[in-house]
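Participant: In the numbering used here, the protein residues as written are 1016 to 1215.
Ideal Cβ placement from N, Cα and C applies to all residues, glycine included.
Small disclaimer: the values here were computed from a predicted structure and weren't measured.
Input: one structure, supplied below.
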Amino acid sequence: MRPVTFQRRLDADTELRVLQEEDATTLYALIDSNREHLSDWLTWVPAIREVGDTRAFIRNTLARYLRGEGIACGLWHHGALVGVIECQAVDPHSRSTELGYWLDERHTGLGLASRACDVLLAHAFNELKLHKVVIRCPVGHDKSAGVARRLGFTQEGLLRAHRWLHESPVDEYVFGLLAHEWTQRGEEPDPSDSDEARPA
C-alpha cells in the first residue's frame, strides 16, 4: 500500500495535503462554523453532527486513497484549514473521477479553489493517468459553474431533478475535462476570480 502522503504547496502561504485523522476536530469546527453557507448547496452538511462524523469521513477517504479510489485534501491558508478539495470515486476502468470542493465563506473570492483544483487535476491526469474528470453542480450555483469553466471544463449536459435540496428536486449541470484538453489548455485559471462551494 502507498503511504498516506500527498502534499503540494500552492505558494508560500497555501498548501494542499491529504486529510489525516488528527484533522478531524479542525475539520468539524470549520464545517460547524460554515453550516449556513455550506447548506445552500451541499446535502451532506446536516449529517455532520459531531467530531466523530468528520473522523469517519477522513477514515473512509484515507481507505479509498490507499485503494487508489480517490483522494480528499485539506486546503490550508496561512496555517488554517479553509476548505476541502476532493477527487471522488476514481474509476480505474473508465479512468475517470469527479472533482468536488468547498471553502470557508471568508476565504471565497480569493481564487483558492481554482488553484487547488488545478493541483488535483495535475495529480489526476499526470500521476493517476486518468482520461476524464467530471464536475457536477446545481443549476443556479453560478459561481461554481464559473470555476468549472475557468478550469477549462466543457458543459456536457443537464441532469434533471437529480439532487434533492431543501425539500425539492434541483437540476444539475455536468461539466467534463479530458486529459488532452487539460494538457493543451493555454492558460492557468485566473487566481483573482471568485470561488464558491461546490458539492464535495
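Just tell me which of 1163, 1195 and 1027 has its CA closest to the CA of residue 1092.
Facilitator: Start at 1 with the first residue of the sequence shown, and residue 1092 comes out as number 77. Residue 1092 has its Cα closest to that of 1027, out of 1163, 1195 and 1027.
Participant: How is the alpha helix (DSSP H) around residue 1125 delimited, first residue to last?
Facilitator: Here residue 1125 refers to the residue found at position 110 of the sequence shown. Note, residue 1125: premise wrong, no alpha helix (DSSP H); not H, not E.
Participant: Examine the Cβ distances between the stretch 1075-1088 and the stretch 1043-1053 and report whether three or more of them are shorter than 8 Å.
Facilitator: No, the stretch 1075-1088 is not in contact with the stretch 1043-1053.
Participant: With 16 other CB atoms within 10 Å as the buried threshold, where does residue 1029 fall?
Facilitator: Here residue 1029 is taken as the residue at index 14 of the sequence shown, counted from 1. Residue 1029 comes out buried.
Participant: Looking only at its own chain, which residues have a Cβ that is under 6 Å from the Cβ of residue 1024, when we skip the five neighbours before and after it?
Facilitator: The residue labelled residue 1024 in the question sits at position 9 within the sequence shown. These residues qualify, in order along the chain: 1030.
Participant: Under 8 Å: do the stretch 1156-1165 and the stretch 1137-1144 share three or more Cβ pairs, one atom per stretch?
Facilitator: As far as the Cβ criterion goes, the stretch 1156-1165 does not touch the stretch 1137-1144, which means the pair count is below three.
Participant: Check whether the Cβ atoms of residue 1150 and residue 1131 sit closer than 9 Å, and answer yes or no.
Facilitator: As a first step, residue 1150 is located in the sequence shown; it is residue number 135 there, counting from the start. As a first step, residue 1131 is located in the sequence shown; it is residue number 116 there, counting from the start. Result no, Cβ atoms of residue 1150 and residue 1131 do not sit closer than 9 Å.
Participant: What is the C-beta distance between residue 1098 and residue 1127, in whole angstroms, given that I count them as a contact (C-beta under 8 Å)?
Facilitator: For this step, residue 1098 is matched to residue 83 along the sequence shown. For this step, residue 1127 is matched to residue 112 along the sequence shown. About 7 Å; that satisfies the 8 Å criterion.
Participant: Rounded to whole angstroms, what is the Cα-Cα separation between residue 1016 and residue 1088?
Facilitator: Taking the first residue of the sequence shown as position 1, residue 1016 is located at position 1. Taking the first residue of the sequence shown as position 1, residue 1088 is located at position 73. Annotation note: pLDDT 41 at residue 1016 (below 50); position unreliable, coordinate value reported separately. Whole-angstrom Cα-Cα distance: 18 Å.
Participant: Taking C-beta to C-beta, are residue 1063 and residue 1036 nearer than 9 Å?
Facilitator: Reading the sequence shown from its first residue, position 48 is the one you call residue 1063. Reading the sequence shown from its first residue, position 21 is the one you call residue 1036. Not closer than 9 Å, so no.
Participant: Please classify residue 1075: is it buried, with 16 or more other beta-carbons within 10 angstroms of its beta-carbon, or exposed?
Facilitator: In the sequence shown, counting from the first residue as 1, residue 1075 sits at position 60. With fewer than 16 other Cβ atoms within 10 Å, it is exposed.
Participant: What do you get for residue 1123, buried or exposed, if any count of 16 or more other CB atoms within 10 angstroms of its CB means buried?
Facilitator: As a working note, residue 1123 is residue 108 in the sequence shown. Per the 10 Å Cβ criterion, buried.
Participant: For residue 1146, which option in 1129, 1108, 1178 and 1180 has the closest C-alpha, if you only look at C-alpha atoms?
Facilitator: What you label residue 1146 is simply residue 131 of the sequence shown in a count that begins at 1. Closest option to residue 1146, Cα to Cα, is 1108.
Participant: Work out the CA separation of residue 1110 and residue 1193 for me, nearest whole Å.
Facilitator: Looking up residue 1193 in the sequence shown gives position 178. Looking up residue 1110 in the sequence shown gives position 95. Answer to the nearest angstrom: the Cα atoms are 10 Å apart.
Participant: Give me, in chain order, the residues of the same chain whose beta-carbon lies closer than 7 Å to that of residue 1066; leave out the 5 immediate sequence neighbours on both sides.
Facilitator: Taking the sequence shown and counting its residues from 1, one reaches residue 1066 at position 51. Once the five neighbours on either side are set aside, the close Cβ partners of residue 1066 are 1039, 1040 and 1043.
Participant: Does the beta-carbon distance from residue 1125 to residue 1148 come in below 9 Å?
Facilitator: The sequence position of residue 1125 within the sequence shown is 110, counting from 1. The sequence position of residue 1148 within the sequence shown is 133, counting from 1. No; because the gap between Cβ atoms is not below 9 Å, this pair is not in contact.
Participant: Quick check on DSSP: helix, strand or coil for residue 1100?
Facilitator: For the purposes of this step, residue 1100 is taken as residue 85 along the sequence shown, with counting starting at 1. Correct three-state label for residue 1100: strand.
Participant: With DSSP run on the structure shown, which of helix, strand or coil describes residue 1199?
Facilitator: The count along the sequence shown starts at 1 and reaches residue 1199 at position 184. Helix.
Participant: According to DSSP, which residues form a beta bridge with residue 1179?
Facilitator: Against the sequence shown, residue 1179 aligns to sequence position 164. According to DSSP, residue 1179 bridges with 1184.
Participant: If you reduce the DSSP assignment to three classes, tell me which class residue 1092 lands in.
Facilitator: Counted from its first residue, the sequence shown places residue 1092 at position 77. Residue 1092 falls in the strand class under three-state DSSP.
Participant: Which residue's Cα is closest to the Cα of residue 1049: 1094, 1121, 1153 and 1022?
Facilitator: Locating residue 1049 in the sequence shown gives position 34, where the first residue counts as 1. When each option's Cα is compared against that of residue 1049, the closest is 1121.
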